[in-house]
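Since the structure comes first, as structure tokens, the remarks are kept for the end.
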Amino acid sequence: MKLVSVIIPVFNAECFVENAVKSAFNLKSVGEVILVEDGSTDDSFEVCQRLSADYKNVRLLYHANHKNCGAGASRNLGITSSNFPYIAFLDADDQYLPRRFDKLNDLIRDHISFDGIYEAAKYMGSDGKIFSINNDSIPPSKLFHYLLRGTYGHFCTNSITVKKQLLIRAGMFNESLRLHQDSELWLRLAHFGNLIAGNIVEPVALIRRHEGNRVWKGTTIETRITQWKATWDWAKKERVGVLEKMLIIRKLVKLFWRYRLKK
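Residue 245 in full-length UniProt numbering is what sits at position 245 of the sequence shown, and the numbering runs on without skipping anything.
Shown next, in the form of structure tokens:
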């Protein structure tokens with residue numbers, strides 16, 4: 001059964017995006033692959049045009065005037081344009097593994113109530129070495145708190161599957177954040193929805209670390225402070241518990257302290 005829209009933001013990934021698309025569109029649960037070209041300066045747009053012409057379930061979107069708007073805005077464009085009830089994300093330089101949506105199908109078959117699934121992924125460094133990141137299985141009612149503490153729970157963008165309606169309810173990606181917009185959104189999803197562990201032992205996606213990665217290149221204390229400020233601004237408006245608000249403040253204090261020491 002076709003259940004999933006896979007959204008791939010594309011920025012300067014001409015050498016990788018075709019492999020990403022091919023890893024997704026042949027999976028039985030995938031109804032469409034949405035490429036959102038984000039103002040690349042290489043030949044990514046031309047590659048995306050060819051892929052959307054060659055494969056009927058591959059769609060190409062782009063921002064007005066081919067502007068570079070960032071991964072968050074690109075994913076949001078894909079979400080609002082999607083046609084299937086579940087959304088999955090894939091970075092253009094990464095790939096899905098064959099069992100990517102097996103757990104989704106199992107949960108639907110067994111009539112288990114859930115809003116999203118987080119699963120394991122593996123990373124490949126620029127030296128070709130591979131290591132796996134396995135998630136912890138955390139009760140949905142405790143997941144928001146655990147993510148705030150940072151001691152348990154780790155989501156990888158390429159191995160989470162979420163109902164479209166939950167993404168809309170949570171406000172989708174914060175487009176003011178150029179980095180860490182995924183981590184900031186996962187907190188909101190955990191607050192609003194019932195997120196459960198899927199396959200947390202066997203990886204369902206492969207993530208490549210290389211010099212072109214936006215996140216690996218750009219992460220600084222300053223970008224983390226910006227991320228947690230956004231979380232704090234959101235928490236003040238929502239019915240977030242006092243303890244959870246204190247955890248956010250503690251995170252910000254630690255980051256500000258590290259920032260001052262750095263100076």
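Where a beta carbon is used, it is the ideal one built from N, C-alpha and C, also for glycine.
Asked, Found
"Between residue 44 and the rest of its own chain, which residues show a CB-CB distance below 8 Å, the 5 nearest in sequence each way excluded?", "10, 11, 12, 13, 14, 17, 37 and 92"
"Pick from 27, 59, 94 and 194: whose alpha carbon is nearest that of residue 141?", "194"
"Just the Cα atoms here: how many angstroms apart are residue 287 and residue 231?", "Residue coverage of the chain in this structure runs from 1 to 263, which leaves residue 287 outside it and unanswerable."
"DSSP on residue 113, reduced to helix/strand/coil?", "coil"
"I believe residue 89 touches residue 57 by the beta-carbon criterion, under 8 Å. Please report the beta-carbon distance rounded to the nearest angstrom.", "The pair is not a contact, with the Cβ atoms about 17 Å apart (cut-off 8 Å)."
"How many angstroms separate the CA atom of residue 22 from the CA atom of residue 237?", "41 Å"
"Return yes when the Cβ of residue 8 is within less than 8 Å of the Cβ of residue 47, no when it is not.", "no"
"Quick one: measure Cβ to Cβ for residue 120 and residue 203, integer angstroms, because I've assumed they're closer than 8 Å.", "5 Å"
"Would you list the one or two residues that DSSP bridges to residue 208?", "124"
"What is the DSSP secondary structure of residue 140, reduced to helix, strand or coil?", "helix"
"Going by DSSP, name the residue or residues bridged to residue 163.", "86"
"Can you check whether the CB of residue 197 is closer than 8 Å to the CB of residue 135?", "yes"
"Quick one: measure Cβ to Cβ for residue 5 and residue 87, integer angstroms, because I've assumed they're closer than 8 Å.", "6 Å"
"Locate the alpha helix (DSSP H) running through residue 52, then write down its first and last residues.", "44-54"
"Look at the Cβ atom of residue 163, then the Cβ atom of residue 116, and state whether they are nearer than 8 Å.", "yes"
"Contact defined as beta carbons within less than 8 Å: I believe residue 27 pairs with residue 96. What is the distance between those atoms, to the nearest angstrom?", "7 Å"
"Which residues does DSSP pair with residue 131 in a beta bridge?", "123"
"For the alpha helix (DSSP H) containing residue 253, list its first residue and its last residue.", "242-262"
"Using C-beta distances below 6 Å, list every residue in its chain close to residue 170, excluding the 5 sequence neighbours before and after it, in chain order.", "188, 189 and 192"
"Out of 261, 181, 262 and 227, which has the shortest C-alpha to C-alpha gap to residue 76?", "181"
"Could you compute how far the alpha carbon of residue 101 sits from the alpha carbon of residue 122?", "16 Å"
"Have a look at 78, 146, 94 and 243 and flag the residue whose alpha-carbon is nearest the alpha-carbon of residue 313.", "Nothing in the structure corresponds to residue 313, since the chain is present only between 1 and 263."
"For residue 9, which beta-bridge partners are listed by DSSP?", "36"
"Name the DSSP bridge partner or partners of residue 200?", "None; residue 200 has no bridge partner."
"Going by DSSP, name the residue or residues bridged to residue 61.", "36"
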